[in-house]
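Asker:
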Amino acid sequence: MIETPYYLIDKAKLTRNMERIAHVREKSGANALLALKCFATWSVFDLMRDYMDGTTSSSLFEVRLGRERFGKETHAYSVAYGDNEIDEVVSHADKIIFNSISQLERFADKAAGIARGLRLNPQVSSSSFDLADPARPFSRLGEWDVAKVERVMDRINGFMIHNNCENKDFGLFDRMLGEIEERFGALIARVDWVSLGGGIHFTGDDYPVDAFSARLRAFSDRYGVQIYLEPGEASITKSTTLEVTVLDTLYNGKNLAIVDSSIEAHMLDLLIYRETAKVLPNEGPHSYMICGKSCLAGDVFGEFRFAEELKVGDRISFQDAAGYTMVKKNWFNGVKMPAIAIRELDGSVRTVREFTYADYEQSLS
Ligand SMILES: Cc1ncc(COP(=O)(O)O)c(C=O)c1O
-11 MIETPYYLID KAKLTRNMER IAHVREKSGA NALLALKCFA TWSVFDLMRD
39 YMDGTTSSSL FEVRLGRERF GKETHAYSVA YGDNEIDEVV SHADKIIFNS
89 ISQLERFADK AAGIARGLRL NPQVSSSSFD LADPARPFSR LGEWDVAKVE
139 RVMDRINGFM IHNNCENKDF GLFDRMLGEI EERFGALIAR VDWVSLGGGI
189 HFTGDDYPVD AFSARLRAFS DRYGVQIYLE PGEASITKST TLEVTVLDTL
239 YNGKNLAIVD SSIEAHMLDL LIYRETAKVL PNEGPHSYMI CGKSCLAGDV
289 FGEFRFAEEL KVGDRISFQD AAGYTMVKKN WFNGVKMPAI AIRELDGSVR
339 TVREFTYADY EQSLS
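Going by our numbering, 13 is the number at position 25 of the sequence shown; the sequence numbering is gapless.
1. Just checking my contact of F355 with V182 at CB under 8 Å: how many whole Å lie between their CB atoms?
2. Would you kindly report the start and end of the unbroken beta strand (DSSP E) that includes Y327?
3. Output the distance between the C-alpha atoms of K281 and K226, rounded to the nearest integer angstrom.
4. Tell me, to the nearest whole angstrom, how far the beta carbon of T(-8) is from that of T228; I am working on the premise that it is less than 8 Å.
5. For R128, I'd like the list of residues in its chain whose CB is within less than 6 Å of its CB, leaving aside the five on either flank, ordered along the chain.
6. What residue range does the beta strand (DSSP E) around I215 cover?
7. Rank S88, P122, L119 and I74 by C-alpha distance to the C-alpha of I102 and give the top, closest one.
8. For V67, which residues from the same chain have a beta carbon less than 6 Å from its beta carbon, with the 5 sequence-adjacent residues on both sides left out?
9. Measuring alpha carbon to alpha carbon, tell me which residue in E296, V134, L175 and S113 is nearest K156.
10. How about E167 and H189: are their beta carbons less than 8 Å apart?
11. Say the cut is 7 Å; is the CB of H274 nearer than that to a heavy atom of ligand 1?
12. Beta carbon of I9, beta carbon of P219: below 8 Å?
13. Using the Cβ count rule (16 or more neighbours within 10 Å means buried), how would you classify Q350?
14. Just to confirm, does T29 get its C-beta within under 7 Å of one of the non-hydrogen atoms of ligand 1?
15. Whose CA, out of E76, E61 and A202, lies closest to the CA of V12?
16. Would you give the residue range spanned by the beta strand (DSSP E) that D236 belongs to?
17. The beta strand (DSSP E) with S201 in it runs from where to where?
18. Nearest-angstrom Cα distance between M325 and H254?
19. Can you tell me which of the three DSSP states T29 falls into?
20. Using a Cβ distance threshold of 8 Å, determine whether the region -11 to 5 contacts the region 32 to 42, with at least three qualifying pairs required.
21. Whole angstroms are fine: how far does the CA of V78 sit from the CA of A120?
22. Comparing C-alpha positions only, which one of Y348, P122, R171 and G186 sits nearest to L21?
23. Could you work out which residue in N243, Y69, F172 and D334 is closest to F294 when comparing CA atoms only?
24. Give the DSSP-derived three-state secondary structure of G149 in the structure shown.
25. Excluding the five sequence neighbours on either side, which residues of its own chain have a C-beta within less than 6 Å of the C-beta of L256, listed in chain order?
26. Label I(-10) either buried or exposed according to how many other C-beta atoms from any shown protein chain fall within 10 Å of its C-beta, with 16 as the threshold for buried.
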């Protein structure tokens, strides 16, 4: 038994998402790039590489990781590059997408050897959560003024538009793409490639992948462009768990169980978006509030149902612990950082990384 806490990536479950992505690529002609901001655990890139075209990034370190650990096509994007990093970014990238016209003008010459693009902001999105809404008022994410973009068309040959957010609704995707075409169609017809970003949950069980693929192919035929998709969450959804052990139980009006992990340190994204963790099957007569071991009063994973009473030493699996989770783990309270383990396709499990006191100590100075 591997000592908890650890993240467990199941390659069979990952393969299921990969096969859906490969299907969409084949039917639509679109290229699929893994969004490293969501998932950057490179030990499984050997598997993902066979199904995807490369990676996209949000920083110098991500673009370098994409180039060195994934390979294939490597896109660079950042909300803003600094003078001290642009040369290295360009050295790792096949394409660079600037977030603003001023960044494009500042760095276009330095990036003259690779394809250059600009982020457009269509001012519509599928997000209902202000914090994650690229179309929020006064958003800094991309240019929206057609007349301004018109003036720099000679310096770019592509666009990136990321306006979907956890969008499971193909009809909504289709309508928003229609709005994008109305507004930017004439500009899109003048470039060679368009990335439609991430946030489309097309690997979900009921997603109409064939209608989606047909829509993408029609778009790409109409404008004569190569489409890119940048799936983050869709690539790794439901592939990974966080495995923890009960350290203590107590009763104070409710049954509580404290585990050897922390939502703030190991599943921070849930805390930021005020969501609870998931436990399966979440059935049975015994209800427990599962709490983390950090000092934060609200370090609570959620309330779940269990078939038996929980006791010290019992193990619990939190579902869906890959996206925006492993990339955000931190050393809050010095809580032991979860190891990373992989369940191979033959069922065997191997630990690929353990974190020690030295890692904690060296994360600061
Ligand atoms: C530009 C860009 N591309 C891709 C993604 C990945 O999105 P998701 O993980 O929702 O698919 C994001 C997420 O914020 C993004 O900002």
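We put the CB at the ideal spot given by N, CA and C, even for glycine.
Because the structure is a prediction, the values reported are computed rather than measured.
Answerer: Short version:
1. No answer is possible for residue 355: the residues shown for the chain start at -11 and end at 353.
2. Tyr is not the amino acid found at residue 327; the sequence shown has Ala there. That run of the beta strand (DSSP E) goes A327 to R331.
3. 25 Å
4. Between T228 and T(-8) the Cβ distance is about 14 Å, and since that is not below 8 Å, they are no contact.
5. none
6. That run of the beta strand (DSSP E) goes Q214 to L217.
7. I74
8. Result list for V67: N87, in chain order.
9. S113
10. no
11. no
12. yes
13. exposed
14. no
15. Considering only alpha carbons, the answer is A202.
16. T228 to Y239
17. Careful: S201 lies outside any beta strand (DSSP E), inside the alpha helix (DSSP H) at V197 to Y211.
18. Cα-Cα distance, rounded: 7 Å.
19. Correct three-state label for T29: coil.
20. yes
21. Rounded to the nearest angstrom, the two C-alpha atoms are 28 Å apart.
22. G186
23. N243
24. Here residue 149 turns out to be Ile, not Gly, going by the sequence shown. In the displayed model, I149 falls within coil according to three-state DSSP, outside both helix and strand.
25. K316
26. exposed
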